[in-house]
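Notes follow the structure.
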Amino acid sequence: MEPLHSPAVIQRLLKEYGLRPSKALGQNFLADQNIVRRVVQAAAVHRGDLVLEIGPGLGSLTQGLLEAGARVVAVEKDARLVEALGELFRDQPQVTVVHADALKTDLGELLRAHGAGGTQGAAAPVCKVAANLPYSITSPLLVHILESDLPVERIVVMVQREVAERLVAPPGTKEYGALTVAVQYRARVELAGRVPPAVFVPAPTVWSEIVVLFPREERLAVGRSFAGLVKAAFGQRRKTLRNALKAMGLAAGTIEEVLAEAGLDGQRRGETLSVEEFAVLSRAVDAAGM
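The opening residue of the sequence shown carries number 801 in my numbering; numbering runs sequentially from there.
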């Protein structure tokens, strides 16, 4: 099988299959062997590992994962690419290409169907996830993966550098926001290296970053109001906690009780709260009957 990680090969395949990268789908195809190697290393892929790859494009990372000894279930939304991938990997039984929208798919069910050897009723096997994510779906897809019943060991994604900085931002910084809290509540996040635009076809206008997420085995105890509270706190930058709770419909007296229970100053702003403090506050909101 020829190497799929050079710009010349990607350009030739696009021409052969009559493909044009879709701006609507945020398609930028990885075309660099060194970056493929770095992603595979960040995913700590060993022989026999099962990797769920989301958005395989024209298979450069798929091939790298395969060469590392992985079994790959590649989920692709674009029917044109599904056909091309099917031909490119037709002699590779360790690769299964699935035509599906990962954001709208039960990933646990998908892996039970395609990653468990077709065994009826089998549990989804432990896996790693690898993806090159377009900006438009990064936030919802990361949360979708982390909230699925996939037994995920680690998730390695390439995202725009701006998004990567938001994922690891500490409280009190301009990058810290609702996405930060939503992801850090569910996973430990590390940066694994910058990726220049030139390694993609077509080249995007911004740098990317390799990000590794380790799903938390034990999450903080949060109240049912956690998601709504985070949304209210960041709905308007520099909104005080008191105003955020008011926006959630709490009466003035209840707000003061909640703040006292949580041990938080109502004049603090949402962007200064740690994930742990949001968890404490959500439990206090729930205890108040919200």
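Quick reminder that beta carbons are idealized off the backbone N, C-alpha and C, glycines included.
Please read these numbers as outputs of a predicted model, since none were measured by experiment.
Can you say whether residue i is buried or exposed, counting buried as having 16 or more other CB atoms within 10 angstroms of its CB?
| i | result |
| --- | --- |
| Ser860 | buried |
| Thr919 | Reliability fails at Thr919, whose pLDDT of 49 lies under 50, so the model's placement of it is uncertain and no value is given. |
| Lys974 | exposed |
| His805 | buried |
| Arg871 | buried |
| Lys904 | exposed |
| Ala808 | exposed |
| Ser948 | buried |
| Pro800 | In the structure as shown, the chain begins at 801 and stops at 1090. Residue 800 is therefore absent and cannot be evaluated. |
| Ser936 | exposed |
| Arg966 | buried |
| Pro856 | buried |
Using a C-beta cutoff of 8 Å, does residue i count as contacting chain B?
| i | result |
| --- | --- |
| Asn834 | In the structure shown, chain B does not exist; there is a single protein chain. |
Which residue wins for smallest C-alpha separation from residue i, given the options the options?
| i | options | result |
| --- | --- | --- |
| Leu888 | Ala900, Leu1020 and Ala874 | Ala874 |
| Gly864 | Val1075, Arg880, Ser1008 and Ile835 | Ile835 |
| Leu933 | Leu1020, Ala844, Trp1007 and Asp891 | Trp1007 |
| Gly1028 | Ala879, Leu1045, Arg880 and Glu1076 | Leu1045 |
| Gln840 | Ala868, His899, Gln894 and Pro925 | The question names Gln, but residue 840 in the sequence shown is Val. It is Ala868. |
| Pro997 | Glu1009, Ile945 and Lys928 | Glu1009 |
| Pro1015 | Gly1035, Glu990, Ala1003 and Phe1034 | Glu990 |
| Glu953 | Ala969, Val897, Leu1013 and Tyr817 | Leu1013 |
| Arg1037 | Gly1023, Thr1072, Glu1061 and Ala1062 | Thr1072 |
| Val957 | Leu813, Leu819, Glu802 and Leu830 | Leu830 |
| Leu950 | Pro971, Gly915, Pro940 and Arg961 | Gly915 |
| Leu1041 | Gly1053, Val959, Arg1068 and Arg912 | Arg1068 |
| Asp1065 | Asn1043, Gly1049, Ala1051 and Leu1050 | Asn1043 |
| Val1030 | Glu1057, Pro1004 and Thr980 | Thr980 |
Determine the extent of the alpha helix (DSSP H) in which residue i is found, giving its start and end residues.
| i | result |
| --- | --- |
| Ser1082 | Val1075 to Ala1087 |
| Ile1055 | Ala1052 to Ala1062 |
| Pro1015 | Not the alpha helix (DSSP H): Pro1015 falls in the beta strand (DSSP E), residues Ser1008 to Pro1015. |
| Arg1042 | Leu1041 to Ala1047 |
| Val809 | Pro807 to Glu816 |
| Leu861 | Ser860 to Glu867 |
| Ala874 | That residue, Ala874, is in no alpha helix (DSSP H); its beta strand (DSSP E) goes Arg871 to Glu876. |
List the endpoints of the continuous beta strand (DSSP E) containing residue i.
| i | result |
| --- | --- |
| Lys928 | Cys927 to Asn932 |
| His899 | Val895 to His899 |
| Gln960 | Val952 to Gln960 |
| Ala884 | Taken as a continuous stretch (DSSP letters only), Ala884 belongs to no beta strand (DSSP E), being part of the alpha helix (DSSP H) at Ala879 to Leu888. |
| Glu909 | It is not in any beta strand (DSSP E) - Glu909 instead sits in the alpha helix (DSSP H) that spans Leu907 to His914. |
| Ala987 | Ala987 to Val995 |
| Leu850 | Leu850 to Ile854 |
Which same chain residues, not among the five before or five after residue i, have their C-beta less than 6 Å away from its C-beta?
| i | result |
| --- | --- |
| Ser1025 | Ser1082, Val1085, Asp1086 and Met1090 |
| Ala1034 | Reading off the sequence, residue 1034 comes out as Phe, not Ala. The answer, listed in chain order, is Gly977, Ala978 and Gly1070. |
| Val943 | Ala982 |
| Lys877 | Asp901 |
| Gln827 | Pro821 |
| Val963 | Thr938 |
| Gly972 | Thr1072 |
| Leu813 | Leu858 |
Below 7 Å CB to CB, which residues in the same chain sit around residue i once its five sequence neighbours on both sides are set aside?
| i | result |
| --- | --- |
| Asp832 | His805 and Val999 |
| Val897 | Ala874, Glu876, Val882, Leu885, Gly886 and Phe889 |
Excluding sequence positions up to five away, which residues of its chain have a Cβ less than 8 Å from the Cβ of residue i?
| i | result |
| --- | --- |
| Leu1020 | Tyr985, Val1075, Glu1076 and Ala1079 |
| Glu853 | Leu861, Thr862, Leu865, Val872, Val873, Ala874, Val875, Val929, Ala930 and Ala931 |
| Val845 | Val851, Leu865, Ala868, Gly869, Ala870 and Lys928 |
Give me the Cβ distance between residue i and residue j, rounded to the nearest whole Å; I'm assuming they're in contact under 8 Å.
| i | j | result |
| --- | --- | --- |
| Gln811 | Val1001 | 6 Å |
| Gly993 | Arg838 | 6 Å |
| Ala1062 | Ala1047 | About 17 Å separates the two Cβ atoms, so there is no contact after all. |
| Ile945 | Leu907 | 7 Å |
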